[in-house]
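Protein sequences, first through last, are from chains Z and A. Per our numbering, the very first residue in the first sequence carries number 1; after that it's consecutive. Per our numbering, the very first residue in the second sequence carries number 581; after that it's consecutive. Heads up, the beta-carbon is just placed ideally off N, CA and C, and yes, glycines get one too. Scroll down for the structure; my scribbles are underneath it.
Protein chains: 2
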Amino acid sequence: MRILRLALAQINHVVGDFKGNYQKISEYIDRARDKGADLIAFPELCLTGYPPEDLLLKPGFIEENLTYLHKIVDKTEDITAIIGFVDRDDDIYNSAAIIHHKKLAGIYHKIFLPNYGVFDEDRYFQAGQEVLVFVLNDVTIGVNICEDIWYPGGPTRDQALYGGAEVVINISSSPYYYGKGISRYRMLATRAEDNVVIVAYLNTVGGQDELVFDGNSMVISEEGSLISKSPSFEEHLLLTTLHPDNVFNKRIHDPRRRKEKIFIQPDRTLRKIPLATSAGKNVDEFENSGIIEFLDLTAEVYKALQTGLIDYVKKNGFGKVVLGISGGIDSALVLAIAADSLGKENVIGISMPSQFTSEQSKADARKIAENFGIRFYEIPITDLYENYLKDLKPVFGKRKKDTTEENIQARIRGNLLMAFSNKFGLLVLATGNKSEISVGYCTLYGDMVGGFSVIKDVYKTMVYDLVRYRNNLAGTDIIPQSILNKAPSAELKEDQKDTDSLPPYDILDPILKAYVEEDHSVDEIISFGFEERTVKKVVKLIDQNEYKRRQAAPGIKITNRAFGKDRRFPITNRYTGNNI
Amino acid sequence: MRILRLALAQINHVVGDFKGNYQKISEYIDRARDKGADLIAFPELCLTGYPPEDLLLKPGFIEENLTYLHKIVDKTEDITAIIGFVDRDDDIYNSAAIIHHKKLAGIYHKIFLPNYGVFDEDRYFQAGQEVLVFVLNDVTIGVNICEDIWYPGGPTRDQALYGGAEVVINISSSPYYYGKGISRYRMLATRAEDNVVIVAYLNTVGGQDELVFDGNSMVISEEGSLISKSPSFEEHLLLTTLHPDNVFNKRIHDPRRRKEKIFIQPDRTLRKIPLATSAGKNVDEFENSGIIEFLDLTAEVYKALQTGLIDYVKKNGFGKVVLGISGGIDSALVLAIAADSLGKENVIGISMPSQFTSEQSKADARKIAENFGIRFYEIPITDLYENYLKDLKPVFGKRKKDTTEENIQARIRGNLLMAFSNKFGLLVLATGNKSEISVGYCTLYGDMVGGFSVIKDVYKTMVYDLVRYRNNLAGTDIIPQSILNKAPSAELKEDQKDTDSLPPYDILDPILKAYVEEDHSVDEIISFGFEERTVKKVVKLIDQNEYKRRQAAPGIKITNRAFGKDRRFPITNRYTGNNI
């Protein structure tokens, strides 16, 4: 009976940190060898970090990645390893190296390069044209990379049908959005079953600028059932004993392959690499990992936000963060995420009340800072605000107050937060949510100030869900009920409410999703049951505020389509849809 | 003797403005018919505007573009027209419609989709696979689109060699950077000569967000010499009588084609569309346009900046602009460009001196405003600055002054400028140059505030060139010599000079160009003759300040590689090159 002891290294790499990534890869290789694994795989572009973006256009960057690949080759005594790196021939390729017992045995070039959504891989890479399998311990194994496995007719089929692969290992750096883990699992299970092949799916984990990677690596049997699975958003070494004989058994019971071999021609050339047989060392140590279930949606998003924040802070060399605490729910949530992620001693909250700030808000700001045990300052802005009005009086004269005066307050707060940032080397966290950033209900250089915008892709209705989730977790109202209960307000003038300017969030948010994420037209959204006047107003606000979003801080993508490189809109644009 | 009366419509379209673009196209069709043209061509995607970016992912946008294409078909009585639009089949294509006497006679799909630099066309379009020629008045004419003609083995060759094309019309929306017009001409002349074909090159004109299009449309003979040429950055109808018989004459004298036909196979299928013969109406009216020469480099850049500014202002519905006038050379140049472009009555300058502003700077600010006749305000910021220091005193205590206090001043100015913007509906112009934005010598939410950043892609050394150019044009020091002569300073503390923090600009700028535009490594740049310490310092500053640039206002691309979508860098990045 043939078996293969497989290790999938779900690691958190850092873009451009060749030395750090190399060290981590080396450690995992040693761990896998100690555990008795025959074969260990690492994520797509684990050596460079993902996505390296235009760093790929620096020849020195490619060179350094090759230097470190060869260092890794030297580390593979008594083990086989699959490493994601950038291969250089007469062009560059997103590649997987197959390294066996200190020898580079083969290189696979990614065939399907994603160039949609957040992806720009056609900008950098030449596409591969050759499918590859290798034989280790009498087991035939195919390797492909991320996007490759999303194509039903991609290399997975060629490997299984023509290469004889019994196992297909896909190494990915697949960005997260909510619910993606489950839908990815469904696709992978179908690939395994369709091709009667064991699918080992490895995804990276961690945050890189606006992206987070959820891990959720898994091994799926030739029948489409989950054999083992890594956790979400945590580094993990997933150990699984594979039984390739089951594949042959299943194949002779499944007649589809025979027909396919007659009616479907391979689309690419195929290369087969035989490797020397070798049992893993210390095979007695090999313990199969179990299945760690997917998280519930709200818990998953909370953890995604934590991951994105932690990695932005740490990978960019920050220690502490500062944020404005208004007494509202958005800053309360960001405070909670920051304190949970970075430790209360690394979070500083500043309340900056004006004459329009209610006593309740002031009290709530103090209370939440106290509940989380963070350092807290209160700096009233009334004097500064009056000072601006006085200085502008000669020009503004008797003109009526309008959003100008509201924005001045927000920008005073921005200036104060940045002063804290500059003086103490703190990262400013912006606290705006996706609902307000979509419709421009926020002040450029005011509340939009920040190095990182933690909840910029979280709709307001989900902000409430996350706060409730956090309170449940605490088993107490660590975020006070008064914050959950009060009507949302920017408190930039007397008795202001968000609903003075915007529809209620439970109406606004589904309209935003339909327009921003799904590109539905005004007519279509009205047909979903929303009021014509409301839809037209919201769509106009979204379109008009592209200029603000262009200058927004980066923040964590958690939806199917975030602002930023996921949605590339012109500012100068007269298209309004037919009906506006 | 066969002749073809060709009109190239170098128009300025607006993204998403189907109605406006349609009206302009209709007018040019009428003008061309009145002038006696047989054939008129319009730029790439003239109907949608270019680049439409993610608007292309809205099915309603594609639909509306098709509706307007059919309206144009109805306008083509007695004339043939080539129109850039988005074709929809089972997918979408960047396309050229050939419309003949109110009938849609054929559609060409762009084959080579650019996906580098500022381009993302693989994100949107399926690539065409068929080459097309049509026959009008016994002349065989090939059409292709922009990138297509940059490939020596592209459709131009197939059209000329296998389709029998005597004329190849390339419709483009080709973004400007300095010197591109000349290098484009060199390439086109080579294509014409290599393929022994008349090349009619049509480019759009105008500004769209960060891009400007220079026009410079031209017709080149089968011998590679310029027959006619449109101006830079202006709308123009280029009329040219083509003599296709010359092509046949030249071909039987040039033996290369005969050999090519034997040794080179066509790469694509070819379709030939015969059109009814028809002389243009009013052929006596047809007057050939002459050659309008390329501009000198500095004049070209000045006009590019004007075009970018005018179109950002007008296409986004602004009337007036406001900018801070420091008395330094950057704001002086932006003031000059704004006044020249928008009219002095539409430009408002604000001087915001502090205790660190020299009397000379205050006087220079007043003087330049006076010279250009713009409205001018002076609002000292000393009080506000002291007010911030007082409010922060309880937290900052006895800590030394540092850049924190400098940034507070810059951000007070930002807040005041934005107050003007909000109260009077003015567009704020940021005045930072590429040198300071590269190394982060600028304050986020301070002097970086603005809706549009006019000279963000202009190096400081070129700022001086442009100012000298403008003074030469005026024949007087409309920008005072004192501004040119004084040492650059941010004036945010006592006796500050840019050279306290940075190398002199004549050393800094070539290092920036080598690193930012050309991706040379630190070692390479040192080998060009720069001091190691200086190069390492500059490169480190560039890398560290990606986070600031990510929140910068959009501005006009005038170099080979601008910040923004032209250079997509991660913020989180530990790559420093080998030597740092």
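Short CB-CB distance (under 8 Å) between residue i and chain A
i	result
R258(Z)	no
N115(Z)	yes
F213(Z)	no
R375(Z)	no
P353(Z)	no
A419(Z)	yes
N407(Z)	yes
F396(Z)	yes
D17(Z)	yes
G577(Z)	yes
L297(Z)	no
N485(Z)	no
Assigned exposure category for residue i - 16 Cβ within 10 Å defines buried
i	result
T660(A)	buried
F1108(A)	exposed
G888(A)	buried
S183(Z)	exposed
Q603(A)	exposed
E406(Z)	buried
I832(A)	exposed
I580(Z)	Because the pLDDT of I580(Z) is 42, which lies under 50, any placement of that residue in the model is unreliable, and the question is left without a value.
R191(Z)	buried
V463(Z)	buried
E210(Z)	buried
P1150(A)	buried
A740(A)	buried
E873(A)	exposed
L919(A)	Note that residue 919(A) is Ala in the sequence shown here, rather than Leu. A919(A) comes out buried.
Short CB-CB distance (under 8 Å) between residue i and chain Z
i	result
L635(A)	yes
Y765(A)	no
N896(A)	yes
M1042(A)	no
G734(A)	no
V594(A)	yes
R979(A)	yes
K942(A)	no
G1005(A)	no
V893(A)	no
I992(A)	yes
T984(A)	yes
G640(A)	yes
Q788(A)	yes
Proximity of residue i and residue j at Cβ, strictly below 8 Å
i	j	result
E94(Z)	I145(Z)	Per the sequence shown, the amino acid found at residue 94(Z) is Asn instead of Glu. For N94(Z) and I145(Z), yes; Cβs fall inside 8 Å.
S808(A)	N783(A)	no
Y575(Z)	G596(A)	yes
L333(Z)	L429(Z)	no
S438(Z)	I329(Z)	no
F134(Z)	A97(Z)	no
| request: Would you list, in chain order, the members of the segment 95-129 of chain Z that have their beta-carbon closer than 8 Å to a beta-carbon of chain A? | output: Against chain A - using a Cβ distance shorter than 8 Å - the residues of the segment 95-129 of chain Z are N115, Y116, D120, D122, R123.
| Mind pulling the alpha helix (DSSP H) runs of 4 or more residues that sit fully within the segment 1032-1114 of chain A? | Qualifying alpha helix (DSSP H) stretches, in chain order: 1040-1054, 1061-1065, 1078-1081, 1085-1092, 1102-1107.
| Between the segment 531-562 of chain Z and chain A, which residues of the former have a C-beta closer than 8 Å to a C-beta of the latter? | So the close ones are Y547, R550, Q551, A552, A553, P554.
| Which residues, in chain order, does the segment 562-574 of chain Z contribute to contact with chain A at a C-beta distance below 7 Å? | The segment 562-574 of chain Z vs chain A, Cβ under 7 Å: R567, R568, F569, P570, I571, T572, N573, R574.
| query | Of all the residues that make up the segment 1027-1039 of chain A, which are near chain Z by a beta-carbon distance shorter than 7 Å? | reply | Result list: V1029, G1031.
| Proximal residues, the segment 1089-1101 of chain A versus chain Z, C-beta separation under 7 Å | Under the 7 Å Cβ criterion, the segment 1089-1101 of chain A contributes D1099, S1101.
| Quick one, which residues of the segment 957-972 of chain A are near chain Z if we go by CB-CB under 9 Å, in chain order? | If you check each beta-carbon in the segment 957-972 of chain A against every beta-carbon of chain Z, the ones closer than 9 Å belong to Y957, I959, P960, I961, D963, L964, N967, Y968, K970, D971, L972.
| task | Could you tell me which uninterrupted alpha helix (DSSP H) segments, each at least 4 residues in length, are contained entirely in the segment 324-366 of chain Z, listed from first to last along the chain? | result | Within the segment 324-366 of chain Z, the complete alpha helix (DSSP H) runs of at least 4 residues are 329-342.
| Sequence ranges, alpha helix (DSSP H) only - wholly within the segment 751-804 of chain A, length at least 4 | Segments of the alpha helix (DSSP H) lying fully in the segment 751-804 of chain A: 760-775.
| Taking any Cβ of chain A, which residues in the segment 163-187 of chain Z have a Cβ under 9 Å from it, in chain order? | Answer set for the segment 163-187 of chain Z: empty.
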